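Chains A and B supply the protein sequences, listed in that same order. Going by the working numbering, the residue at position 92 of the first sequence is 178; the numbering climbs one at a time, nothing skipped. Going by the working numbering, the residue at position 78 of the second sequence is 164; the numbering climbs one at a time, nothing skipped. What follows is a single structure, written as structure tokens, with notes after it.
There are 2 protein chains.
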Amino acid sequence: MGNLPEPLAQRLADSGLRTTPQREIVYHVLLGKRDHPTAEEVFARVKTDLPTISLATVYNCLETLVTCNLVRQVNFERGPTRYCPNLEPHAHFHDEATGKTHDIELPPAVLDHVKSVLPPGFDARSVEITFRGSKR
Amino acid sequence: MGNLPEPLAQRLADSGLRTTPQREIVYHVLLGKRDHPTAEEVFARVKTDLPTISLATVYNCLETLVTCNLVRQVNFERGPTRYCPNLEPHAHFHDEATGKTHDIELPPAVLDHVKSVLPPGFDARSVEITFRGSKR
DNA sequence: AGACCTGTTAGAATAGTTCTAATTCCTTCT
DNA sequence: AGAAGGAATTAGAACTATTCTAACAGGTCT
Numbered sequence: 087m088g089n090l091p092e093p094l095a096q097r098l099a100d101s102g103l104r105t106t107p108q109r110e111i112v113y114h115v116l117l118g119k120r121d122h123p124t125a126e127e128v129f130a131r132v133k134t135d136l137p138t139i140s141l142a143t144v145y146n147c148l149e150t151l152v153t154c155n156l157v158r159q160v161n162f163e164r165g166p167t168r169y170c171p172n173l174e175p176h177a178h179f180h181d182e183a184t185g186k187t188h189d190i191e192l193p194p195a196v197l198d199h200v201k202s203v204l205p206p207g208f209d210a211r212s213v214e215i216t217f218r219g220s221k222r
Numbered sequence: 087m088g089n090l091p092e093p094l095a096q097r098l099a100d101s102g103l104r105t106t107p108q109r110e111i112v113y114h115v116l117l118g119k120r121d122h123p124t125a126e127e128v129f130a131r132v133k134t135d136l137p138t139i140s141l142a143t144v145y146n147c148l149e150t151l152v153t154c155n156l157v158r159q160v161n162f163e164r165g166p167t168r169y170c171p172n173l174e175p176h177a178h179f180h181d182e183a184t185g186k187t188h189d190i191e192l193p194p195a196v197l198d199h200v201k202s203v204l205p206p207g208f209d210a211r212s213v214e215i216t217f218r219g220s221k222r
């Protein structure tokens, strides 16, 4: 579903950053399997293409992608941060039985309704909605 | 608004657990200043009443209170876990300028609307809504 | 009082992430 | 092309928040 080809080089350039093999491969790994991997998981996947990459670089690349708005960071409780290339507004459903995370499409109407609970003076830049439960 | 006096001893007993000075003081500290303190902050506050308490015990007590449903755990990104004695359904607003966290009342209608985004088969036990932004 | 169980404690251990300093790699500039 | 300078990468140390471990204390029940 509808992620544009790859604005990676463009987005990097817009922020005055270079396109490097490491950044490309990290990004492609995220696009390739959208299962909300942790940094360690990304590291493992990237190593098959680029065995010399270091974990620190994976962290650096992920952070870069996040600041370029190409990737979202997702946190569940105290678990490791997970990374998600889905840029559409969406909620997350965390299946407690399997540990898997599912993206849940978030219609604009719902998003607006949620934002309407904020009293005047509160200006939300982002909203994060996380379900926890089990899936049949 | 409207937290019952203190069901602490009762709730502990219900779970077959003892009422100890440590548990009482940790709970009272949370009720006393509802600013979503971290475990370290709770530790510091409790020490004024009970200087010999250990950090491990604070963690233990907090976990006990959470499992007795007297306290909620709140996480923002990678920051330390924060603790919140507000049991009403509510969202959190994280002010990026001050670092402060505000409880936002969550009307049942909004909660239902949010839950309605889940496709059939997804059974949510809990929903967590977090705003990030700034407050005038 | 003795046995038993729950809870507390200090400190070690762990997990995830960030920091540091050294090196490598581009990109200009001449 | 060669040199300078900045950006990116790397390995490993450091750090933070939390959990674990093992020993000890305190209350309870006979």
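Glycine residues also receive a C-beta, built at the ideal position from the N, C-alpha and C atoms. Model, not experiment: these values are computed from the prediction.
Note the first and the last residue of the continuous alpha helix (DSSP H) segment covering residue i.
i	result
A/E163	From DSSP, A/E163 is part of no alpha helix (DSSP H); its letter is neither H nor E.
B/D121	That residue, B/D121, is in no alpha helix (DSSP H); it is neither H nor E in DSSP.
Can you tell me the Cα-Cα spacing of residue i and residue j, whole angstroms?
i	j	result
B/G88	B/N172	Note that B/G88 scores a pLDDT of 42, beneath 50, so its modelled location is shaky and nothing firm can be said.
B/R218	A/G185	26 Å
A/E110	A/D100	16 Å
B/K221	A/P137	46 Å
B/F162	A/S212	13 Å
A/T167	A/P123	8 Å
B/E149	A/L94	43 Å
A/A142	A/A130	13 Å
B/P107	A/E214	37 Å
A/V152	A/Q96	15 Å
B/P91	B/P175	For B/P91, the predicted structure reports a pLDDT of 48, less than 50, and the residue's modelled location is therefore unreliable. A value from the coordinates is still provided. The straight-line gap from Cα to Cα measures roughly 18 Å.
A/V196	A/H188	18 Å
A/E127	A/V144	10 Å
A/D181	A/T216	11 Å
B/K119	A/H178	31 Å
List the residues of chain A whose Cβ lies closer than 8 Å to the Cβ of residue i, in chain order.
i	result
B/E209	In the sequence as displayed, the identity of residue 209 of chain B is Asp instead of Glu. The answer, in chain order, is G219, S220, K221, R222.
B/P193	V203
Taking the beta strand (DSSP E) that residue i belongs to, which residues open and close that run?
i	result
B/E127	Here B/E127 belongs to no beta strand (DSSP E); instead the alpha helix (DSSP H) covers 125-135.
A/C170	168-170
Taking C-beta pairs closer than 7 Å, name the residues in chain A that residue i reaches, listed in chain order.
i	result
B/P123	What B/P123 touches in chain A: nothing, since even the nearest Cβ is about 16 Å away.
Starting from residue i, find everything on chain B with Cβ-Cβ shorter than 8 Å and list it in chain order.
i	result
A/F129	The premise fails here: A/F129 is roughly 17 Å from chain B at the closest Cβ pair, so nothing lies under 8 Å.
A/I111	Near A/I111 there are no residues of chain B at all, since even the closest Cβ is about 24 Å away, more than 8 Å.
Inset, instruction - Give a yes or no on contact between the stretch 149-162 of chain B and the stretch 109-127 of chain B, applying the rule of three or more CB pairs nearer than 8 Å. - result: yes
Legend entry - Cβ pair count under 8 Å reaching 3, the stretch 200-207 of chain A against the stretch 191-203 of chain B: yes
Legend entry - Chain-ordered residues of the stretch 166-183 of chain B with a beta carbon less than 8 Å from chain A: T167, A177, F179, E182
Legend entry - Residues within the stretch 147-164 of chain B neighbouring chain A, beta-carbon criterion of under 9 Å: Q159, N161, F162, E163, R164
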